[in-house]
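Data block below; observations after.
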Amino acid sequence: MAPMGIRLSPLGVAVFCLLGLGVLYHLYSGFLAGRFSLFGLGGEPGGGAAGPVAAADGGTVDLREMLAVSVLAAVRGGDEVRRVRESNVLHEKSKGKTREGADDKMTSGDVLSNRKMFYLLKTAFPNVQINTEEHVDATDQEVILWDHKIPEDILKEIATPKEVPAESVTVWIDPLDATQEYTEDLRKYVTTMVCVAVNGKPVLGVIHKPFSEYTAWAMVDGGSNVKARTSYDEKTPKIVVSRSHSGMVKQVALQTFGNQTTIISAGGAGYKVLALLDVPDKSQEKADLYIHVTYIKKWDICAGNAILKALGGHMTTLSGEEISYTGADGIEGGLLASIRMNHQALVRKLPDLEKTGHK
1 MAPMGIRLSP
11 LGVAVFCLLG
21 LGVLYHLYSG
31 FLAGRFSLFG
41 LGGEPGGGAA
51 GPVAAADGGT
61 VDLREMLAVS
71 VLAAVRGGDE
81 VRRVRESNVL
91 HEKSKGKTRE
101 GADDKMTSGD
111 VLSNRKMFYL
121 LKTAFPNVQI
131 NTEEHVDATD
141 QEVILWDHKI
151 PEDILKEIAT
161 PKEVPAESVT
171 VWIDPLDATQ
181 EYTEDLRKYV
191 TTMVCVAVNG
201 KPVLGVIHKP
211 FSEYTAWAMV
221 DGGSNVKART
231 SYDEKTPKIV
241 VSRSHSGMVK
251 QVALQTFGNQ
261 TTIISAGGAG
271 YKVLALLDVP
281 DKSQEKADLY
291 IHVTYIKKWD
301 ICAGNAILKA
311 LGGHMTTLSG
321 EEISYTGADG
331 IEGGLLASIR
341 MNHQALVRKL
351 PDLEKTGHK
């Protein structure tokens, strides 16, 4: 009798091979995923706590974490600003002319602060839009890591995470506010600032003074480490204005509020906002209003706007319009900032100032 054989069906062979390939693919892909996670290319880092799951559109970010990183970025940038100024080697140059015809200055302090602040924020939050005053050169790229620790003063004020879609966030960085005064060694005016806007509205702001090492921060509907003063003079206010056009504001202010009005000329938008608040810094002057009448960049004002808003204050154009922190990087309508005052009544008092600001 001939030995019995087994006839294999071609279809069965094909199915068996496909199943085998599927098993091999599953095992191999799992191996690769494990290898990639070691290099931070996918999956959860070994031993780390799992964060929010990133969606295809960029996922979410926690505003409380963004505040912590923003404070750290402002301080790290401030360290560079102070170090360069104390070395007295600024490598000062002009980027061109401002609209008022003055030199738009830049120093090594601006550049090095910008690098630290930008890459710290970009490494921590790669999916958010970051706008900064100075150019970011790809050849100078740094990976500056955040240790994921939220400071106790922030945790005390903001107890729970506040997540928003990453695509709704725009960050505005000013790595060195008051560069002109920085070159003149007028240190008290100098600040570093970070602002986070959500859908164009300022929601958290950080203003850091490198030379006194004071930092103010606030989150809208969250908390703050700074507060308003107990009283303000609305009838004959002290008005803080830019050093470059104090005369222009003074003329209109005296007409509006009378001869008892005091004009304080100061450098830096961050410094001027702090002048409206209760700041424990002996070098900080006090004012009741902040008025600006010419074109200004959004990275100069966003952080101050967020802090004032968080404390119940206001920053608008001179015509009373809210400022959107998307799109163009500057505003044409000047600005008026106040706190614990009837802001719209102040806007109505200053109809001529807006016209002056557009000349």
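Heads up: the sequence shown is residues 1 to 359, going by full-length UniProt numbering. For glycine and all other residues, C-beta sits at the position ideal for the given N, C-alpha and C.
Contact between ILE173 and GLU133 holds, with the beta-carbon distance rounding to 7 Å and staying under 8 Å. The residue from VAL164, ILE264 and TYR271 with its alpha-carbon nearest to that of SER212 is TYR271. Here ASN88 is exposed, its C-beta having fewer than 16 other C-beta atoms within 10 Å. The shortest C-alpha to C-alpha distance from LYS227 to any of LEU308, LYS93 and GLU86 is the one to LEU308.
Counting along the chain, TRP217 sits inside the beta strand (DSSP E) bounded by residues 214-219.
For GLN129, the beta-bridge partners assigned by DSSP are THR170. Judged by DSSP in its simplified three-state form, ALA197 adopts strand. Distance from the CA of GLU142 to the CA of PHE118, rounded to the nearest whole angstrom, comes to 9 Å. The segment 242-249 and the segment 335-343 do not touch, with fewer than 3 CB-CB distances between them shorter than 8 Å. In this structure, VAL190 sits away from VAL171, with a CB-CB distance that is not shorter than 8 Å.
DSSP places LEU112 within a helical segment (H, G or I) once states are collapsed to three.
Taking 8 Å as the cut-off, the beta carbon of ASP177 is found closer than this to the beta carbon of ASP300. Of the other Cβ atoms in all chains shown, fewer than 16 fall within 10 Å of the Cβ of LEU145; this residue is therefore exposed.
The beta carbon of CYS302 is closer than 6 Å to those of TRP172, CYS195, PRO202 and TYR325 in its chain, skipping five residues each way along the sequence. Straight across, the Cα-Cα distance linking LEU318 with LEU350 is about 7 Å.
Cα atoms of MET341 and SER224: separation of roughly 20 Å, rounded to the nearest angstrom. The beta carbons of GLY109 and ARG85 sit about 6 Å from each other, so the pair counts as a contact at 8 Å. The beta-carbon distance between PRO237 and ASP288, rounded to whole angstroms, is 4 Å. This is short enough to meet the 8 Å contact definition.
Secondary structure remark: continuous alpha helix (DSSP H) runs of at least 4 residues inside the segment 270-328, in chain order: 298-310. HIS135 sits in coil when the DSSP states are folded into three classes, being neither helix nor strand. Following the DSSP letters along the chain, one finds GLU152 inside the alpha helix (DSSP H) bounded by residues 152-157. With contacts defined as CB atoms closer than 8 Å, ASP140 and LYS209 fail to qualify as a contacting pair.
Counting only residues of its own chain and dropping the five nearest sequence neighbours on each side, ASP153 has a CB closer than 7 Å to the CB of ASN225.
Cβ contact annotation for LYS149 (same chain, cutoff 8 Å, sequence separation greater than five): ALA68, in chain order. Judged by DSSP in its simplified three-state form, MET341 adopts coil rather than helix or strand. Under a 10 Å Cβ-count criterion, LYS122 is classified as buried, with 16 or more other Cβ atoms of the shown protein chains found around its own Cβ. Comparing alpha-carbon positions, the option among GLU163, VAL111, ASN259 and LEU155 lying closest to ALA138 turns out to be VAL111. For SER244, no beta strand (DSSP E) run applies, since DSSP gives it neither H nor E. In its chain, beyond the 5 residues on either side, ILE239, VAL241, SER246, VAL249, LYS250 and ALA253 have a beta carbon closer than 7 Å to the beta carbon of ILE263. About 27 Å separates the beta carbon of GLN284 from that of GLY320, a gap too long to meet the 8 Å contact definition. If the five residues before and after VAL164 are omitted, its C-beta is found closer than 7 Å to the C-beta atoms of THR60, VAL61, LEU63 and VAL198, all from its own chain and listed in chain order.
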